[in-house]
Each structure stands twice: as C-alpha cells, then as structure tokens.
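Chains A and B supply the protein sequences, listed in that same order.
Numbering-wise (this note's numbering), the first sequence opens with residue 118 and increments by one.
Numbering-wise (this note's numbering), the second sequence opens with residue 11 and increments by one.
In this text, a Cβ means the ideal position worked out from N, Cα and C, and glycines have one as well.
In this text, all values refer to a predicted model and were calculated from it rather than measured experimentally.
Written out below as structure tokens is the structure these notes cover.
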Amino acid sequence: MTISSGSVSIALCGSGGAGVMTAANMLVDAAAQAGYYALFSRSSGPQIRGGEAAALLRLSAEPITSVDDTFQILLAIDWLNVARFAAELPLNGESLILADPAAGEVPEVLTRSGARIVDLPMKDLAQTIPGGRPNMIALGVVAALIGLGVEPVAEVLGKSLKKKHADAFEASLAAVRHGAETGDSLVANCRKLHPALPRHGGRWTISGNHAAGLGAIRGGIRFCAAYPITPATESLEYLSAALPKIGGVFVQAEDELASINMCIGASFGGDASITATAGPGLALMTEGLGLAVSSETPVVVLDVQRGGPSTGIPTKSEQSDLNIALYGLHGDAPHLVVAPQSIGDCLFTTQWAVHLAEAMQAPCIVLSDQSLGQSRAVIDPAAASPFFANREIARTPEEGETFKRYALTNTGVSPMPVPGTPGCQYTADGLEHAESGTPSSQASDHFRQLDKRLRKLVLHDYGPHWATIEGEGEIAVITWGSCTGAAREAVHRARADGVNARLIAPRLLYPIRPEEMARALDGVRRILVVEQSHLGQFNRYLRGEYDLPARPDLLSRPGPLPIRPGEIHARLLAMGK
Amino acid sequence: MNAPTFSAKDFRSDVKPVWCPGCGDYGVLSSIAKAFADLELAPHQTSVVSGIGCSSRIPAYTNTYGFHSIHGRALAVGAGLKLARPDLTVLVAGGDGDGFSIGGNHFIHACRRNVDMTYVVMDNRVYGMTKGQPSPTTEADWDASAMAPPGGTGVTPFHPLAIALASGANFIARAFSGDTNGTAALIAEAIRHPGFSFVVVMSPCITFREEQRDWKNVVRQSGFPATSDPAQAARRLMTDDGFNMGVLYRGNRDSFVKPRSTECSIADLDAEFAV
Chain A
118 MTISSGSVSI ALCGSGGAGV MTAANMLVDA AAQAGYYALF SRSSGPQIRG
168 GEAAALLRLS AEPITSVDDT FQILLAIDWL NVARFAAELP LNGESLILAD
218 PAAGEVPEVL TRSGARIVDL PMKDLAQTIP GGRPNMIALG VVAALIGLGV
268 EPVAEVLGKS LKKKHADAFE ASLAAVRHGA ETGDSLVANC RKLHPALPRH
318 GGRWTISGNH AAGLGAIRGG IRFCAAYPIT PATESLEYLS AALPKIGGVF
368 VQAEDELASI NMCIGASFGG DASITATAGP GLALMTEGLG LAVSSETPVV
418 VLDVQRGGPS TGIPTKSEQS DLNIALYGLH GDAPHLVVAP QSIGDCLFTT
468 QWAVHLAEAM QAPCIVLSDQ SLGQSRAVID PAAASPFFAN REIARTPEEG
518 ETFKRYALTN TGVSPMPVPG TPGCQYTADG LEHAESGTPS SQASDHFRQL
568 DKRLRKLVLH DYGPHWATIE GEGEIAVITW GSCTGAAREA VHRARADGVN
618 ARLIAPRLLY PIRPEEMARA LDGVRRILVV EQSHLGQFNR YLRGEYDLPA
668 RPDLLSRPGP LPIRPGEIHA RLLAMGK
Chain B
11 MNAPTFSAKD FRSDVKPVWC PGCGDYGVLS SIAKAFADLE LAPHQTSVVS
61 GIGCSSRIPA YTNTYGFHSI HGRALAVGAG LKLARPDLTV LVAGGDGDGF
111 SIGGNHFIHA CRRNVDMTYV VMDNRVYGMT KGQPSPTTEA DWDASAMAPP
161 GGTGVTPFHP LAIALASGAN FIARAFSGDT NGTAALIAEA IRHPGFSFVV
211 VMSPCITFRE EQRDWKNVVR QSGFPATSDP AQAARRLMTD DGFNMGVLYR
261 GNRDSFVKPR STECSIADLD AEFAV
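This is the structure in structure tokens:
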C-alpha cells in the first residue's frame with residue numbers, strides 16, 4: 118500500500134525573514150511526532166540568504182515517496198516574487214488559498230486555478246499576541262485545518278524553544294493557539310489527514326543527501342575528498358562531521374579533479390572512498406573515473422543531479438546526467454551506475470554502491486538528484502542491509518611465486534593488495550598493462566584486460582536489487598531514480614481505475630541486465646517511459662541497450678517541475694482504453 | 011630479530027625504461043632508490059606516485075607500490091594515499107609540464123596543505139614525450155620546437171621554487187641529476203623533513219634540449235646554509251641564477267594530518283536521525 122487520498126499537501130510562501138521555513142519545519146516535526154509521514158521540499162530563488170521562498174509539504178498517515186498533483190492549502194504571508202515559482206504551486210478548485218489581505222491581491226496566476234480564497238489577516242492576528250509572529254499564526258491555522266491539532270505543535274515548540282527561550286516559547290505557543298482557533302472558525306472546509314496508524318518502532322527524519330552519506334558509512338566508506346557544489350553539499354557537510362568520528366577522513370579538495378584523484382589514491386591505500394558532486398563536477402571527474410576503471414581502483418561518486426547543461430539551474434532537480442554517467446568516459450570503460458529511488462533509498466543504494474565498487478574494483482556512480490538530496494522526509498528507519506565493502510585482498514605470495522595484480526581470473530576480479538604487504542608491490546596504471554601491471558601496448562594484453570574489466574561487471578550476481586518490479590499487466594511503466602515514487606503512485610491509482618500496469622524501475626543502470634529485464638517484461642505489450650530530461654535520455658538508453666517488446670510511449674520533461682503522479686496516471690488510463 | 015635492510019637495487023624493478031640514452035631521469039631513478047635504501051625503508055612500505063610524461067614513467071621502474079596516474083593529478087593521488095595511509099612513505103614524481111602546467115593548481119594546494127610527502131620534479135624545460143614542445147619552465151626565447159614561433163613563446167618561465175615558497179611548501183631544494191649521490195642525499199633529507207617537501211631536479215633532455223648537456227658545467231653547490239626565514243629564502247630564490255644546488259628553504263610548519271577517532275558507532279550515527 119502506498120499513499121491514498123488521505124494525504125494533505127501544503128505550500129507555505131513568504132519572503133526571507135517571514136519565517137515560513139521555520140513554520141514548515143515545525144509542522145513536519147509535529148506531524149512526525151503525531152505519527153505521520155512527511156515529505157518536505159523547498160523552492161527558493163538564487164539568493165544566497167533569504168529572498169522569496171516556498172515550503173512544499175505533503176503529510177500522510179502512510180509512507181510518501183512522491184509529491185502530489187496539487188496542493189490542498191496554499192498559505193501566503195506575502196506574495197513577493199511569487200510569479201517566479203507559481204508554476205511549482207499547482208492548485209485546483211479543491212484548493213484553499215489562505216492569504217493575508219495586507220499583502221495585497223492574490224496574484225491572477227494563482228486565482229485562475231479556481232482555488233477558493235480565504236482572507237487570513239495573519240499580521241493583524243499576530244499583533245494581538247505580545248511577541249506573536251505571523252508565521253506562528255499560520256502554523257496554528259494549518260495544524261487546525263488539516264486535523265493535526267495544536268498539541269503536537271506545542272510539543273515541538275517546547276523541545277526547540279522552552280529551555281533556552283522561555284519568552285519566545287510562550288509567545289509562539291499563544292500565537293499557534295490563536296491561529297488554531299482562527300482555523301477552527303473558518304467556514305471553508307479542507308481535506309483532513311486520516312488518523313495516524315499505530316507506530317511500530319520509531320521514525321526517522323532525513324534528507325536524501327544525509328541518507329546517502331549515512332549509507333556510504335554503513336557500507337564501509339572511510340575516506341572522502343570533495344569540493345563544495347550545489348545540490349550535493351549537505352552530503353559533504355554530513356560526511357565531514359561524521360567520518361572523523363567513525364575512524365574516517367574527510368578532506369576538502371581544491372577542485373573536483375583533486376577530489377576524484379585523492380579518492381583513487383586513498384582507495385589504492387586500502388580505504389573505501391567516496392566523493393560527492395553535481396553535473397559540472399562529474400564532468401571534471403570523468404578522466405579520473407577512467408583511471409579508476411583502468412587501474413581497477415574502487416571508488417564511489419555520488420552525483421546529485423541538477424538542471425544542466427553547464428551551470429544550468431543549480432538549485433533545481435533534473436535527470437539529465439544519465440548520458441554522462443553511462444557514456445561519459447573515453448575509451449571502452451565499463452563501470453557501475455546505480456540510482457536511488459526515494460529519499461530513504463538513497464541510504465540503501467549508496468551502501469550497495471560501496472559494496473559493488475569494492476567487490477568489482479571499479480568506479481560506481483550513484484545518480485541521486487536535487488529533489489531527493491535536498492528534500493527531507495519522515496520515513497521508517499532504514500533497515501540494516503548486508504552490503505559492505507569487501508575487497509578481495511591479495512596476500513604475500515608463496516616462495517617462488519610472482520604476484521600478478523591484474524591476473525586473468527575467471528571472474529575477472531583479481532586480488533588487490535594493501536600497500537605495506539611484502540611481496541605484492543606493483544604499479545597501478547592508466548596505461549594498458551600486462552597481468553603483472555607492466556605497461557603494454559600489445560594487442561593481446563589490451564584485449565585480455567578490456568575483456569577482464571568487462572567480465573567482472575557482467576558476471577557479478579546483483580540479486581533482486583537490480584530493479585524495483587511491482588504489479589502485473591500488459592502495460593509497463595519503466596522509470597528510474599526520483600521519478601519512481603510518482604510512477605508507483607500512478608500505477609496504484611490506475612489499478613483502482615481498473616487499468617493494470619506494472620512498474621519497472623532499474624536501480625542498476627550499468628551494466629545492463631538483459632535476462633532479468635526480459636523476465637520483467639514478460640507479457641508486456643505497451644510501455645510508458647517516464648523520466649525528467651529534455652532529450653529523453655533514459656528512453657534512448659532503454660531502446661539502445663535493451664530489447665523492448667514495443668516502441669515506448671514517452672513522458673519526458675526537463676526540470677525543474679517535478680513529474681506528478683496525475684500526469685502518469687492520465688497517460689496510463691489513455692493507454693489502457 | 012632485526013628487520014631486513016634493503017639495498018638501492020631492491021627498490022628497482024626489472025622493467026626497462028622507455029627513456030632515451032643519456033636522459034637525466036636515469037640518474038634520478040638511481041637517486042630515489044638510493045635515498046630509500048639509505049633511509050632503511052622497505053620496498054613494500056614505500057610508494058612512488060606519478061602523472062604523465064617521460065619522467066612520470068618512473069613508478070614502474072621501482073619495486074614499490076607505484077601509481078602511474080593521469081596527467082597533472084599525481085599530487086592529488088599522492089595526498090589521498092598519504093592521508094589514508096600515514097604509515098607509508100609517499101614520494102610523488104614527475105616532470106615540469108605535468109607538475110606546473112596541467113597540474114599547477116594541485117601544486118599550489120599541495121604546498122599549502124603541507125601533507126607529509128615528497129615531490130620530486132625532474133625539470134628539463136620541455137615536453138619530451140610529445141617530442142619537444144615548450145613547457146612552463148622553458149626559456150621565453152627557445153624556438154627549436156615545431157610548436158613554438160620563431161624567437162620563442164615570449165612567455166616568462168614559471169618559477170617553481172619561488173611559487174612553492176609563496177604557497178607554503180615546508181622544504182625546498184634544487185638538485186642536478188648528474189650528481190646522483192648529491193640528489194639522493196637531498197631526496198633523503200626531503201623525505202625525513204615533515205610536511206610537503208619539494209625537490210626540483212635539473213634533469214637534462216639531451217634529445218630535444220641538447221644545450222642542457224652544459225648544465226653539468228655550470229651547476230654548483232649553493233654557498234649559503236639553508237634558511238628557515240621565508241623572506242631570506244625568497245630573496246635568494248629570486249636573485250640566484252638557477253644553478254645553485256642544495257637545500258634552499260627548511261620550514262617548520264606542522265604536517266597536515268587528519269586524526270581518526272572511533273568515538274561513534276553506526277548506531278550512534280543512525281540515532282541522529284530518529285524523530
């Protein structure tokens with residue numbers, strides 16, 4: 118079961134300093150306190166601090182992995198520059214716009230949706246409370262309207278303010294209560310949350326970037342060198358704080374060229390290593406990734422994708438680094454590419470990536486994106502998984518034997534020594550080499566080593582984690598990464614409408630899995646490919662790499678607007694006719 | 011039981027170098043092997059990391075844990091290795107094009123960062139592997155290259171030692187490849203000195219810069235004792251004629267180290283995300 122119509126989506130708008138992010142964070146924490154799941158993303162402009170902003174929330178009694186089609190509530194403390202992100206605030210006739218009349222008319226770009234408008238004089242209401250602020254009035258109003266109530270909010274306020282700022286706590290609580298009374302008195306009805314289900318165990322609140330960082334450490338990463346870049350920076354901030362406490366090292370490198378090569382050096386030294394970046398950084402790292410392929414040095418690169426090309430839209434999401442991740446290395450350079458499918462899955466997939474890279478002594482690119490990385494979710498705690506860095510280590514050879522670093526084994530994986538091991542000295546090389554590691558330009562060595570480096574990836578047993586495969590039916594939705602959540606929700610809705618569709622979302626993008634994909638597609642007659650790129654990169658990949666039973670229909674759009682479940686649902690209904 | 015000691019020969023592999031007969035880099039290879047042996051290191055506890063170019067071929071000619079990486083990135087690979095494995099002796103080696111042109115930014119930041127490793131640059135003022143183009147240290151008027159205009163590039167040469175000093179390198183020396191014992195002694199001292207040690211070895215390329223055969227006639231021991239005063243070192247570096255050999259600067263900055271603690275468990279990290 119996934120999310121139902123019991124979810125409520127809320128947008129809170131206000132210029133910098135209006136405190137909408139504070140209110141939104143407290144609302145999420147309060148909902149989590151009360152046993153709800155949540156998804157919280159923010160739309161902000163390019164300003165370094167402040168500026169216009171919108172907090173985008175979805176709350177539900179059931180787990181959430183996608184944004185909804187529309188917002189049930191749009192609350193605005195002011196309308197500063199709302200036109201810049203109005204497209205990210207889809208509304209309909211069911212929606213409620215709560216606006217402070219002091220902020221002026223509701224912009225036409227929003228009223229044309231047919232949403233109901235309710236005047237809510239938050240500034241005036243706040244002035245009736247000593248020390249009261251409009252954002253706390255707003256928090257109270259929304260908590261009442263969606264049926265969350267004041268108590269969980271009061272609890273969260275108490276935790277964050279009571280000890281250090283007793284005055285602020287009292288004022289905020291009074292404003293929240295005043296707002297809630299106002300909310301209760303509003304005649305306009307609003308969709309309410311379903312009662313929260315009994316909780317089994319705790320919940321987590323985590324962003325995709327933090328989840329990826331934790332997954333890396335769980336997998337055994339003990340070294341990270343990286344250069345700051347939006348929207349990957351939170352992963353680096355997390356790793357820089359966490360790694361030194363768990364026996365690891367974090368280094369801020371001078372650029373992405375240094376990042377990847379420091380990681381390669383550390384990995385050569387025996388530490389499982391990761392770097393995190395976004396598209397421009399990944400472009401700079403491609404030569405280093407080729408070195409990792411040739412020298413068979415494991416390394417993980419977390420790419421938190423953003424709008425491209427070039428500097429593009431650094432603060433907004435897109436799935437347009439697929440091509441460079443798959444095909445961006447020069448020469449024949451087989452490597453691993455995986456993609457997480459939700460905020461929680463950023464943990465599992467990054468941990469798995471560490472395991473894969475180490476097991477196969479190859480680079481692994483993890484394709485996350487801004488919508489996963491910088492959104493915060495309330496989720497069930499991440500279960501333990503059995504995937505750890507487990508490099509095949511070479512030992513000192515017996516008397517009379519010679520160590521061959523790049524020995525041609527059946528699996529393609531040859532044991533790798535930890536420097537310091539007597540008798541295993543070798544030179545890791547980006548030059549083509551013989552089994553010993555000695556540079557070679559001979560055709561036979563080139564062919565054998567190319568074949569070895571491909572073989573080890575192809576022969577590996579990736580198990581069921583290679584893809585998410587759910588449902589059955591003659592229609593298949595094939596998608597990847599952050600679009601998986603919306604596709605799943607659409608498939609569920611379509612089933613409720615009598616259209617059976619299955620969901621196929623490869624977590625492993627490279628190497629391809631032809632047999633597994635053929636099984637997943639067994640009985641499929643029509644395909645809908647869903648992705649967030651302008652060129653339809655994933656569709657081209659599927660059609661180029663896999664035998665598909667039909668030419669796919671394509672739902673592909675560049676960022677920054679997310680692909681919403683309703684769009685996919687509508688396409689499925691049309692295909693199912 | 012005493013640990014076995016190793017001779018310079020034990021640090022050499024049996025791979026035949028690609029270098030031209032008469033190349034200065036043969037001497038540097040011997041000096042590096044001798045320095046390791048003189049320091050009583052073991053081959054399996056040493057690492058030679060390089061980038062791309064004639065001199066960067068050197069790791070395969072040693073019997074250490076070598077890494078022949080990509081053009082310009084040797085210092086990054088070396089820093090990653092040393093930070094991960096402080097117990098290893100890490101020596102990064104390469105040429106003037108690799109280190110000062112494509113790798114120039116890493117050179118500056120390696121000096122700044124001051125990780126405890128030694129950087130040996132075999133400077134022949136030319137790109138040899140691609141058959142003789144001007145490098146960052148090539149004289150402005152050198153024009154015996156198909157890629158240089160008549161009269162030379164007209165571009166002022168890079169001053170690696172002065173830039174190393176300005177960027178924070180903790181040990182700076184100049185050596186001549188023809189003096190293998192002297193070079194070995196300087197490299198050994200560089201390895202012993204904490205922090206980032208930088209040794210430029212004038213290593214003639216007699217194939218593309220035949221005039222460099224004369225270097226052996228003009229190099230001399232620096233008449234000054236090494237200084238730890240950066241201002242004095244800067245004055246000397248900016249006023250000498252480029253042929254003074256020896257330790258030119260010996261700093262006293264602490265090495266960049268990354269302490270690792272194990273105060274946290276995975277469960278502790280998990281707990282940070284609990285509601």
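Contact between the region 132-152 of chain A and the region 171-187 of chain A is present: 3 or more CB-CB pairs across the two stretches fall below 8 Å. Among the residues of the region 377-398 of chain A, those with a Cβ less than 7 Å away from any Cβ of chain B are Asn378, Met379, Cys380, Ile381, Gly382, Ala383, Phe385, Gly386, Gly387 and Asp388, in the order of the chain.
When CB distances to chain B are screened at a threshold of 8 Å, the residues of the region 302-323 of chain A falling below it are Gly319, Arg320, Trp321, Thr322 and Ile323, in chain order. Residue contact check for Phe340 (chain A) against chain B: a CB pair falls below 9 Å.
Closest in alpha carbon position to Ile496 (chain A), among A:Leu176, A:Ser132 and A:Leu567, is A:Leu176. With the rule of 3 Cβ pairs closer than 8 Å, the region 31-47 of chain B counts as touching the region 193-206 of chain B. At a cut-off of 9 Å, the C-beta of Ala103 (chain B) has no neighbouring C-beta in chain A.
What Asp546 (chain A) touches in chain B, judged by beta-carbon distance under 9 Å, is Pro69, Ala70, Gly76, Phe77, His78 and Ser79, going in chain order.
Taking 4 residues as the minimum length, the alpha helix (DSSP H) runs contained wholly in the region 330-391 of chain A are 350-359 and 373-385, in order along the chain. Per the Cβ contact rule, the region 667-678 of chain A is not in contact with the region 450-465 of chain A (fewer than 3 Cβ pairs under 8 Å).
With a contact defined as Cβ atoms closer than 8 Å, Ala183 (chain B) and Gly256 (chain B) qualify at about 7 Å. Here Tyr579 (chain A) carries a coil assignment [DSSP, helix/strand/coil]. Beta-carbon to beta-carbon, Gly296 (chain A) and Leu215 (chain A) are separated by about 10 Å, too far to satisfy the 8 Å threshold. At least 9 Å separates the CB of Asp35 (chain B) from every CB of chain A.
Annotation note: the region 241-267 of chain A contains the following uninterrupted alpha helix (DSSP H) runs of length 4 or greater, listed N- to C-terminal: 251-262. Under the 8 Å Cβ criterion, the region 356-376 of chain A counts as touching the region 261-271 of chain B, having at least three qualifying pairs.
In the three-state reduction of the DSSP assignment, Met127 (chain B) falls in the coil class, being assigned neither a helical nor a strand state.
Of the residues A:Gly264, A:Phe188 and A:His327, the one whose Cα lies closest to the Cα of Ser492 (chain A) is A:His327. Check the Cα spacing between Thr140 (chain B) and each of B:Phe218, B:Asp133 and B:Gly205: the tightest is with B:Phe218.
The C-beta of Ser502 (chain A) comes no closer than 9 Å to any C-beta of chain B. Secondary-structure assignment with DSSP links Thr585 (chain A) through a beta bridge to A:Ala622.
Counting along the chain, Gln422 (chain A) sits inside the beta strand (DSSP E) bounded by residues Val416 to Gln422. Between Leu548 (chain A) and Ser561 (chain A), the C-beta spacing is not below 9 Å. A residue is called buried once 16 or more other Cβ atoms fall within 10 Å of its Cβ, and Pro214 (chain B) is buried on that count. The Cβ atoms of Ala271 (chain A) and Tyr153 (chain A) lie no closer than 9 Å to each other. Taking C-beta atoms as the reference points, Ala393 (chain A) and Asp372 (chain A) fail to come closer than 9 Å. Within chain B, the residues Arg270, Ser271, Thr272, Glu273, Cys274, Ser275, Ile276, Asp278 and Leu279 have their CB atoms less than 9 Å from the CB of Ile363 (chain A), given in chain order. Sequence-distant Cβ neighbours of Val137 (chain A) in its own chain, meaning closer than 8 Å and more than five residues away, are Leu129, Cys130, Gly131, Ala170, Ala171, Ala172, Ile194, Asn252 and Ala255. Chain-order list of chain A residues neighbouring Val25 (chain B): Thr555, by C-beta distance under 7 Å. Residue range Tyr75 to His78 is occupied by the beta strand (DSSP E) that includes Gly76 (chain B).
In this structure, the CA atom of Ile586 (chain A) is about 32 Å from the CA atom of Thr414 (chain A). Gly113 (chain B) is a Cβ neighbour of Arg83 (chain B), given a cutoff of 9 Å. Assigned with DSSP and collapsed to three states, Gly598 (chain A) falls in helix. The beta-carbon distance between Ser57 (chain B) and Leu93 (chain B), rounded to whole angstroms, is 13 Å. This is too long to meet the 8 Å contact definition. At a C-beta separation below 7 Å, Pro269 (chain A) has no neighbours in chain B, since its nearest C-beta there lies roughly 11 Å away.
Under the Cβ distance rule, His54 (chain B) counts among the residues neighbouring chain A, one pair being separated by less than 9 Å.
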